[in-house]
Amino acid sequence: MTTNSTLIDFLAGTVGGIAGVITGHPLDTVKVHLQAESHGSKFGMIECIRNILKKDGALGLYKGMSSPLVSLAFINAICFGTQSKVVSYFKDKDSLFVSFIAGSVAGGAQSFLASPSELIKLRLQLSDTINSPLEVTRQIIKNQGVRQLYRGLGMTLLRDCPAFGVYFSSYNILIKLLSGGKSADECNYFHFLMAGGFAGMISWCATYPCDIIKTRYQACDTKTYTKVIKELYAENGLRSFSTGLNSTLVRAFPTNAATFAGVNFCISCFETSQLTPEEEKEAIRVKEARRLKNQEYQYRRFMQPFNDNKYVDLILLAEAGETLQIPLAHWHHYYRV
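So in the working numbering the end of the sequence shown lands on 344, straight run, no missing numbers.
Written out as structure tokens, the structure reads:
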């Protein structure tokens, strides 16, 4: 992989991160409130949204967005850039094993920035008096020192290493399933949106208990992991470890759909801008050929029920509008399967 290609992956990750934050932050605020408050397991997502709107208005759902908007751009840049770089070291770049390993390494790499960022965001979302991420940061450093910014790093690593492995490997599986085995270059944005959205949901399900433990641990300066786990279990048994999962999954789909769509759009723009005029013409020709091939495939599927129907020509060759209908009839005869 060239340096230029790596830079493109980092920039694409940045764009995808920004798209994901803007799309999913309101439901992230809901998730944090459900996880951090001891009565969160008793209230549902709708009730939590009502409480936030009643207390802080609509802007309350976007509270703390400035921190992840800046940090997640860099986090996603690290994540997608690292994942792409790790994949480049393997010969079998399309295998699930490679996708999982590369994703796990990327998840670990971004955790060192994600952990303090999530701590600041969480404290800001839960605070009634502080409205600035810089003020939260200063307060943490003043009271507990710089090291306190990395409170929860261990659980963040435990959550993100396997989660991102699942994230990228499930994305590759879903892309192939949704596109009928096509390569990534042949996929459209519907494939990216669906695969990215569902991959995000699957990855959250894989390590969600770690996330709720991390949230509770970061919300308080004095509790240990053991104490947090005991308190969670005492509240509602094992069900406490899935508190807020509904809002997380609802948020995960649009957030990750937007992230992957943003990443692929950015990569496509960079690649197109670097083409020579001849290469650009060839790319347009190939894209048009793929569009026509897909159109033919859709037509075949549509006509399949009519192929053995002797009355199909009566439907296609109506007296009115023959100019439009006759070519369609010719397609039908040509593409009989």
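In this text, a Cβ means the ideal position worked out from N, Cα and C, and glycines have one as well.
Residue state for residue 83 is assigned as helix, using DSSP reduced to three classes. Judged by their CB atoms, residue 84 and residue 24 are nearer to each other than the 8 angstroms cut-off. Residue 35 is not a Cβ neighbour of residue 91, given a cutoff of 8 angstroms. In the three-state DSSP reduction, residue 72 falls in the coil class, being neither helix nor strand.
Residues of the same chain with a CB within less than 6 angstroms of the CB of residue 177, apart from the 5 flanking positions on each side, are 206 and 209 in chain order. When the five nearest sequence neighbours on each side are left out, no beta carbon in the same chain lies closer than 6 angstroms to the beta carbon of residue 139. A distance below 7 angstroms between beta-carbons, with the five flanking residues on each side excluded, links residue 127 to the following residues of its chain, in chain order: 74, 140, 143 and 144.
Residue 218 sits buried, since 16 or more C-beta atoms from the chains shown fall within 10 Å of its C-beta. When only Cα atoms are considered, residue 163 and residue 61 end up about 32 angstroms apart.
For residue 176, the uninterrupted alpha helix (DSSP H) segment begins and ends at 160–186. Of the candidates 134, 117, 137 and 175, 117 places its Cα closest to the Cα of residue 157. Around the CB of residue 96, fewer than 16 other CB atoms lie within 10 Å, so the residue is classed as exposed. Within the model, the alpha-carbon separation for residue 18 versus residue 98 is close to 25 angstroms. Within 10 angstroms of the beta-carbon of residue 214 lie 16 or more other beta-carbons, which makes it buried. In this structure, the straight-line span from the alpha carbon of residue 71 to that of residue 131 is close to 5 angstroms.
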